[in-house]
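Asker: I am attaching a structure below and will ask some questions about it afterwards.
Numbering (this note's numbering), first residue to last: 921 to 1876.
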């Protein structure tokens, strides 16, 4: 996120409350001095030029900046004001700024008749005539013309402000205070990283629309919504005829008279008078309706959390005057769903650089930490994850503390969050509508952050939750979000907030808490065997502790009969499982130490089993029907030689056996697991074949067999698997799928190559045929490093128009096969490290193209929405919507002549060194012409660097 730099921020735009424009000769030591002193005494930041400098014909840059960065201006018209060209230049710029921004301008007529200014008569007329005569004597014609243009501007602007105002200084002060400070809100110090949001909202406020529009800022508590709204309000309320910032609406609404108080404040703000009398809510609505109708207003409603509050706002939209704007801040995105005419804007957390700066400003009162505190500061930055509230609170709390205190504080924060941060973040949790959503949040906080949404739904639905609607509610409250891969994510401090809620259930006795996630607490409960019926979930990762792996007994779980979620890593338990909790829904036991499951282990109620990297050799479930098991993950079990009997796994949806190095075959009973949607067999290098009954799986959507280098054949009817959407077969040898003389003649392969292929013997791995695959249904296809050549694709080979993602990287193809060119559109095409690839032509429309390290590639002709730089494509000479490189003698002579080049022959002998940033490649060649096929002709030229005899030559 960009910083709010002084040279480009909106804050710098209004550095001063008042700018004084005056004639120093007339009033510097008299009226203006008294006025300046009075303004300062009232706390108004005032710009006054005190420098006795020689003034030329143009306004000094410091004064110009002062005018532009002031909220208001006072112009003191005195007898000699108009005789100063400098003063008149100031006046012109002030009037331009006033017209553009509607800031306040107060003219004061000091011993001058206002009618002289309005009619340009008297002393004003004499002054303008004096300047005009002076400028006519200028010898330089250009300068004289510019000076006479000034005369025109002065005459035009001099009479545009002429209203009578009191010359009594105190009255002037009262007017200014009313105009400049009445609506200015107090701001927090050290604004960092809000620039982009302020800019975006500012554009909306200035869009020129006559409609009554609503803009909603949403995000997690403490992310800066209120700060940004205040800043935007301060910078823009001058554009409107009135405004009001109603803060903490949620808190006010909890009071019995809260809504009436808000109505009173709104009326007071927009009418610029003392708080009106309001009898009740209905009385307030009638008075508000009357006040809103006649003026263009800027209204901010901060911390809205109830639908009724928004209903009131949107119901009042028809009362507002044309062009009025309403800004809302909320943590509850769901409130906005019912209102389609509302612009939504998510406030993002700060990036690492802005986070470090904001934290340092509060901790060290500097933009960066002291050297000895850098490491500790970075730990806190990582903990805060860009949340401004946390950065400010923690920075302020550690200011002036010694290093050992910092270390202790950080260790505490990793377990117990700061109370101020906890209080703000907990607001969203407490606002959840029922215990169901609150409990669901706590389950995800402790065990499922980072997990796939579908996986979490499958488990927690079986635990009695309505998980899908619950997750939506958490997302609406900004407590949770999903990434582009469908995984559940939450801010680390939100997670800490939820875990602290659980810790507070029993601060001294962890065995009485509903969930145990911290290694220290879980280990203590299991060692001391102090678990109780309150425990519903437990996680223990021995890899994250330095504690000696003490002997733990299954007896420690005896009283935890409500235990549903168990997550262990590198844990060894001794004893029998007869009295182990019977209602387990999720068993995650990485590095399980035994070669088989105990016969008395309670499996019947399990929904998910994850035993990755275990010593299991067989998954022996005996005669137990695992009718609830949906997820089975035995990946990286290098001793596993046999898959389960799938006849007892009728509900199984996902089977993950990645990197099972000794697995040779898949049991044919897999056809009985009719609910299977995903099978991952990646890197099962000894697997020789897929079971024929695999084709019986009518719901199978994803099949991953990448790295199964011993696989020699596909099931006979595999082509009929019409449900298959995603197929990854990276590293398999598809070689020449269409062997024979027809292939040789159709693909222009020499007879020498063909005969050599027949007599050279078998390849190191068996060849598979593309014709066996169900291409009619596949939408995602990955065939990386599959030895695919031009001859590997039969002439009549076709793929379905539904194909969206295609990856053919690391294959020795020279051209994209015709079967893919026939597609109308494809979302993503990847061709990396295709060392024989020469041209890409006749391609379908592509949303995203990735071509890198294709060293023979010369031409890319494709319609792409986005295209990554073709890095290390050293011979690339032409790229659609990009560039074209050609020798100078191949270019149209008329074009060369238009470029001012006359002697082409003499340039042919010049050799250059051409470096292309787009390909990261350097070539030595004769003079080349780089042309651009994009509408912005010079866009690509910036990426080329030419050197002649070691000297850089500009390409523009």
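Each residue gets a CB set at the ideal place from its N, CA and C atoms; glycine is no exception.
Considering residue 1308, what are the terminal residues of the alpha helix (DSSP H) in which it resides?
Answerer: Residues 1308-1318.
Asker: List the whole-angstrom C-beta distance separating residue 875 from residue 1198, where the pair is believed to meet the contact cut-off of C-beta under 8 angstroms.
Answerer: Any property of residue 875 remains undetermined from this structure, which presents the chain solely from 921 to 1876.
Asker: Excluding the five sequence neighbours on either side, which residues of its own chain have a C-beta within less than 6 angstroms of the C-beta of residue 1589, listed in chain order?
Answerer: Closer than 6 angstroms at Cβ, skipping near neighbours: 1565, 1566 and 1567.
Asker: Compare the C-beta of residue 1455 against all C-beta atoms of chain B and say whether one is closer than 8 angstroms.
Answerer: Among the chains in the structure shown there is no chain B, since it carries only a single protein chain.
Asker: Can we say the stretch 1751-1771 touches the stretch 1725-1736, given the rule of at least three CB pairs closer than 8 angstroms?
Answerer: At 8 angstroms Cβ cutoff, the stretches touch.
Asker: So residue 1435 packs on residue 1406, CB below 8 angstroms; how close in whole Å?
Answerer: Going by Cβ atoms, the distance from residue 1435 to residue 1406 rounds to 24 angstroms, so no, they are not a contact pair.
Asker: Count the other C-beta atoms from every protein chain shown that fall within 10 angstroms of the C-beta of residue 1513, then say buried if there are 16 or more, exposed otherwise.
Answerer: So residue 1513 ends up on the exposed side.
Asker: Within the stretch 1120-1171, note down every full beta strand (DSSP E) run reaching 3 residues or more, in order along the chain.
Answerer: Qualifying beta strand (DSSP E) stretches, in chain order: 1133-1138 and 1162-1166.
Asker: What is the rounded straight-line gap between the Cα of residue 1106 and the Cα of residue 1412?
Answerer: Each residue's Cα considered, the two are about 30 angstroms apart.
Asker: Compare the C-alpha of residue 1371 against each of 1168, 1385, 1393 and 1401 and name the closest.
Answerer: Of the listed residues, the one whose Cα sits closest to residue 1371 is 1401.
Asker: Going by DSSP, name the residue or residues bridged to residue 993.
Answerer: Looking at the DSSP assignment, residue 993 forms a beta bridge with 939 and 1025.
Asker: Among the residues of its own chain, which have a CB less than 6 angstroms from the CB of residue 1694, if the five just before and after it don't count?
Answerer: Closer than 6 angstroms at Cβ, skipping near neighbours: 1639, 1641 and 1644.
Asker: Give every residue of the same chain whose Cβ lies closer than 6 angstroms to the Cβ of residue 1784, excluding the five residues on either side of it in the sequence, and list them in chain order.
Answerer: Cβ neighbours of residue 1784 beyond the five flanking positions: 1766 and 1769.
Asker: DSSP state of residue 1574, grouped into three classes?
Answerer: In the structure shown, residue 1574 sits in a strand (DSSP, three-state: E or B).
Asker: In chain order, which continuous runs of the beta strand (DSSP E) of length 3 or greater are located wholly inside the stretch 1738-1780?
Answerer: With a minimum length of 3 residues, the continuous beta strand (DSSP E) runs that stay inside the stretch 1738-1780 are 1745-1752 and 1765-1772.
Asker: Mark residue 1112 as exposed unless 16 or more other C-beta atoms lie within 10 angstroms of its C-beta, in which case mark it buried.
Answerer: Counting Cβ neighbours within 10 Å, residue 1112 comes out buried, since at least 16 surround it.
Asker: Mind checking whether residue 1839 and residue 1798 have CB atoms under 8 angstroms apart?
Answerer: No.
Asker: Pull up the DSSP beta-bridge partners for residue 1506, would you.
Answerer: Partner(s): 1485 and 1528.
Asker: For residue 1690 and residue 1374, what's the separation of their Cα atoms in angstroms?
Answerer: The alpha-carbon atoms of residue 1690 and residue 1374 are separated by roughly 31 angstroms.
Asker: Of the choices 946, 1387, 1586 and 1292, whose alpha-carbon is the least far from that of residue 909?
Answerer: Beyond the ends of the chain as shown, which are 921 and 1876, falls residue 909; an answer cannot be given.
Asker: Taking DSSP as the reference, what is the three-state secondary structure of residue 1190?
Answerer: In this structure, residue 1190 counts as helix in the three-state DSSP scheme.
Asker: For the alpha helix (DSSP H) that contains residue 1419, what are its first and last residues?
Answerer: Note, residue 1419: alpha helix (DSSP H), 1412-1423.
Asker: My output table needs one value for residue 1378: the three-state DSSP class, helix, strand or coil.
Answerer: Reduced to three states, the DSSP call for residue 1378 is helix.
Asker: Contact between the stretch 1284-1291 and the stretch 1124-1131: three or more CB pairs below 8 angstroms?
Answerer: No, the stretch 1284-1291 does not touch the stretch 1124-1131.
Asker: Which same chain residues, not among the five before or five after residue 935, have their C-beta less than 7 angstroms away from its C-beta?
Answerer: Closer than 7 angstroms at Cβ, skipping near neighbours: 989.
Asker: Find out if the Cβ-Cβ distance for the pair residue 1648, residue 1721 is shorter than 8 angstroms.
Answerer: Not closer than 8 angstroms, so no.
Asker: Under the rule that 16 or more other beta-carbon atoms within 10 Å means buried, what is residue 940, buried or exposed?
Answerer: Per the 10 Å Cβ criterion, buried.
Asker: Exposed or buried, what is residue 1145 when buried is set at 16 or more other beta-carbons lying within 10 Å of its beta-carbon?
Answerer: Burial call: buried.
Asker: Between which two residues does the alpha helix (DSSP H) harbouring residue 1648 extend?
Answerer: Counting along the chain, residue 1648 falls outside any alpha helix (DSSP H), though it belongs to the beta strand (DSSP E) covering 1646-1648.
Asker: Secondary structure at residue 1079, three-state DSSP: helix, strand or coil?
Answerer: In this prediction, residue 1079 scores a pLDDT of 44, lower than 50, which makes its location untrustworthy; no coordinate-derived value is stated.
Asker: My output table needs one value for residue 1351: the three-state DSSP class, helix, strand or coil.
Answerer: Reduced to three states, the DSSP call for residue 1351 is coil.
Asker: My understanding is that residue 1455 touches residue 1482, with C-beta atoms under 8 angstroms, so please give their C-beta distance in whole angstroms.
Answerer: Going by Cβ atoms, the distance from residue 1455 to residue 1482 rounds to 7 angstroms, so yes, they are a contact pair.
Asker: Does residue 1336 come out as helix, strand or coil in the three-state DSSP assignment?
Answerer: Residue 1336 falls in the coil class under three-state DSSP.
Asker: Sort 1595, 1002 and 995 by Cα distance to residue 1015 and report the nearest one.
Answerer: Checked all of 1595, 1002 and 995; the closest Cα to residue 1015 is 995.
Asker: In chain order, what residues of the same chain lie with their CB nearer than 6 angstroms to the CB of residue 1624, ignoring the 5 residues before and after it?
Answerer: So the list reads 1600, 1602 and 1648, once near-sequence residues are dropped.
Asker: On the three-pair Cβ rule with 8 angstroms, is the stretch 1306-1323 touching the stretch 1270-1288?
Answerer: Counting Cβ pairs under 8 angstroms, three or more are found: they touch.
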